[in-house]
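This report refers to the structure that appears directly beneath it.
Protein chains: 2
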Amino acid sequence: MQDRIELAVSTVVFSLRPHPETGELTLWLPLVRRIREPYEGRWALPGGPLAPEENLVESARATLQRTTGLTPRHLEQLYAFGDVDRSHSADAAGHARVVSIVYWALVGEDEDAEAVDGENVEWFPVDEIAEEAEPLAFDHGVILDYALRRLRAKVTYSPIAHAFLPEEFPLAQLRRVYEAVLNRALDPSNFRRQILAQGSVEDTGRRQTGTAHRPPKLYRSAPGRSRYALTIQETDQ
Amino acid sequence: MQDRIELAVSTVVFSLRPHPETGELTLWLPLVRRIREPYEGRWALPGGPLAPEENLVESARATLQRTTGLTPRHLEQLYAFGDVDRSHSADAAGHARVVSIVYWALVGEDEDAEAVDGENVEWFPVDEIAEEAEPLAFDHGVILDYALRRLRAKVTYSPIAHAFLPEEFPLAQLRRVYEAVLNRALDPSNFRRQILAQGSVEDTGRRQTGTAHRPPKLYRSAPGRSRYALTIQETDQ
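Heads up: the sequence lines are chains A and B, in that order. Residue 190 in full-length UniProt numbering sits at position 190 of the first sequence, and the numbers go up by one each step. Residue 178 in full-length UniProt numbering sits at position 178 of the second sequence, and the numbers go up by one each step.
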């Protein structure tokens with residue numbers, strides 16, 4: 001039985017970047033290599049102990065700034081993980097029990113351009129993490145799975161996917177965000193019809209410049225639409 | 001600046017009971033009178049420090065059992081509240097900073113029948129709490145407002161309202177749950193049409209016994225419907 005309970009704040013940061021092999025847009029996140037026990041040498045979510053003078057969200061923001069140089073617009077509390085045995089190290093006893101309050105950040109395309117890697121920080125495509133020989137430190141693999149599940153659910157009932165995009169975007173770009181998050185191809189015309197029917201985006205009246213012969217229309221988030229229901233249909237291809 | 005950060009788990013417990021004046025079904029919750037500083041004598045959400053050997057949800061369950069005698073089926077984590085100045089007492093310094101991980105419980109009609117009051121525990125209609133001369137202890141008024149907002153939002157996009165009901169229920173009873181949660185009258189035929197269109201309930205083939213000349217049909221939760229969108233329409237009356 002442990003006497004001390006410590007509090008940490010960690011953050012799951014999702015950004016969309018091309019997959020290193022396929023070139024398709026895919027989910028990436030930054031991890032930090034642990035330089036001390038427990039789990040020395042393993043990858044972990046960015047985070048750290050809650051400082052006495054910091055609010056929870058300030059702690060998440062400070063960690064993000066320190067590890068990635070980013071201050072994402074979309075940062076929200078995800079869940080508190082506090083099982084008694086979650087922070088046990090495989091090799092060493094005597095570490096305090098840690099309860100982690102986890103935030104998640106979604107990084108916009110325009111924001112991601114400003115990302116800088118900190119020391120011992122590396123970005124990974126989400127699907128590569130599961131293939132790593134060594135699991136993430138602590139229960140961070142469980143936390144990452146939970147964050148992915150929540151993200152995949154939430155894009156179907158809220159406009160949260162817009163957080164990955166700049167203010168104005170063609171519908172095809174929004175679809176690619178959904179495809180990256182859900183990790184599967186979607187039927188373009190079904191997607192277009194459903195999104196427009198939901199009223200979560202509105203036509204800006206402008207078209208994308210400097211592109212094709214018939215440049216696509218630009219859309220933006222419609223104000224006041226915080227909830228909707230999307231029945232995601234897969235493409236037949 | 002404080003050095004120590006303590007962890008507490010508190011729970012917002014919602015149940016539906018008749019309003020003491022109108023007799024209409026309305027939201028109630030149990031509060032605990034504080035018997036020591038800070039905020040001695042004020043009403044607070046049931047809760048307490050996280051014990052070293054307890055998981056978070058176990059702590060919430062133990063508090064509920066101790067204060068209300070209940071072990072509700074529906075208990076989930078709501079949010080962690082941890083602002084630096086949230087636990088300051090109005091009158092005394094020197095208390096540690098407390099981060100509270102808050103759960104919420106929805107008590108089914110059948111469960112509520114087993115509620116027993118603990119010492120210094122009292123149930124209040126939600127709308128009476130705002131009228132109390134003294135605000136709740138700590139930031140518990142803020143937490144209660146947050147829980148109410150979340151509950152009112154969540155009934156429109158998930159079948160969470162079913163948690164207040166026994167396994168089988170007439171649609172009119174489900175409507176009264178929505179009316180109590182949203183604190184307004186709903187148009188019966190619109191409500192019926194929308195709920196049936198969502199597919200979140202299914203006909204049991206049975207009717208309520210021992211009631212009227214034409215006893216109402218009994219419905220139950222349809223399996224696998226965890227999300228839907230309900231456009232709540234008010235009655236014209």
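A virtual CB, placed ideally from N, CA and C, is assigned to each residue, including glycine.
Test: residue i CB closer than 8 Å to a CB of chain B
i, result
"P52(A)", "yes"
"I101(A)", "yes"
"Y157(A)", "yes"
"V12(A)", "no"
Residue-chain proximity (residue i, chain A), Cβ-Cβ < 8 Å
i, result
"N55(B)", "yes"
"I5(B)", "yes"
"R61(B)", "no"
"R97(B)", "yes"
"A8(B)", "no"
Three-state secondary structure assigned by DSSP to residue i
i, result
"Y219(B)", "strand"
"E53(A)", "coil"
"E179(A)", "helix"
"L165(A)", "coil"
"R150(A)", "helix"
"T209(B)", "coil"
"Q237(A)", "With a pLDDT of 36 at Q237(A), under the threshold of 50, the modelled position of that residue is not reliable, and no figure is offered here."
Heavy atom of the ligand FMN within 7 Å of residue i beta-carbon
i, result
"N190(B)", "The model depicted lacks the ligand FMN and carries no ligand whatsoever."
Members of the segment 74-89 of chain A that neighbour chain B once the beta carbon cut-off is set at 7 Å: Under the 7 Å Cβ criterion, the segment 74-89 of chain A contributes Q77, Y79, A80, G82, D83, V84.
Residue ranges of each beta strand (DSSP E) within the UniProt domain "Nudix hydrolase" (4-148) of chain B, 3 or longer: Runs of the beta strand (DSSP E) inside the UniProt domain "Nudix hydrolase" (4-148) of chain B: 5-18, 25-33, 47-49, 74-81, 97-106, 121-125.
Validate contact between the segment 129-140 of chain A and the segment 33-40 of chain A using beta carbons, cut 8 Å, 3 pairs: With a cut-off of 8 Å, the segment 33-40 of chain A and the segment 129-140 of chain A count as touching, because enough Cβ pairs lie within range.
Segment contact flag, the segment 12-31 of chain B with the segment 206-218 of chain A, C-beta cutoff 8 Å, min 3 pairs: Taking a cut-off of 8 Å on C-beta distances, the segment 12-31 of chain B does not touch the segment 206-218 of chain A, as fewer than three cross pairs fall below it.
Inter-stretch contact at 8 Å, needing at least 3 Cβ pairs: the segment 138-155 of chain B / the segment 55-62 of chain B: No: the two stretches stay apart, fewer than three of their Cβ pairs being nearer than 8 Å.
The segment 61-68 of chain B contacting the segment 98-116 of chain A, beta-carbon criterion three pairs below 8 Å: Segments in contact, no.
Segment contact, 8 Å Cβ cut-off, at least three pairs: the segment 80-88 of chain B with the segment 42-49 of chain B: Output reads no: the segment 42-49 of chain B does not touch the segment 80-88 of chain B.
Contact between the segment 100-109 of chain A and the segment 162-171 of chain A (3+ Cβ pairs under 8 Å): Short answer: they touch.
The segment 19-29 of chain A contacting the segment 116-130 of chain A, beta-carbon criterion three pairs below 8 Å: Yes, since at least three Cβ pairs between the segment 19-29 of chain A and the segment 116-130 of chain A fall closer than 8 Å, the two stretches touch.
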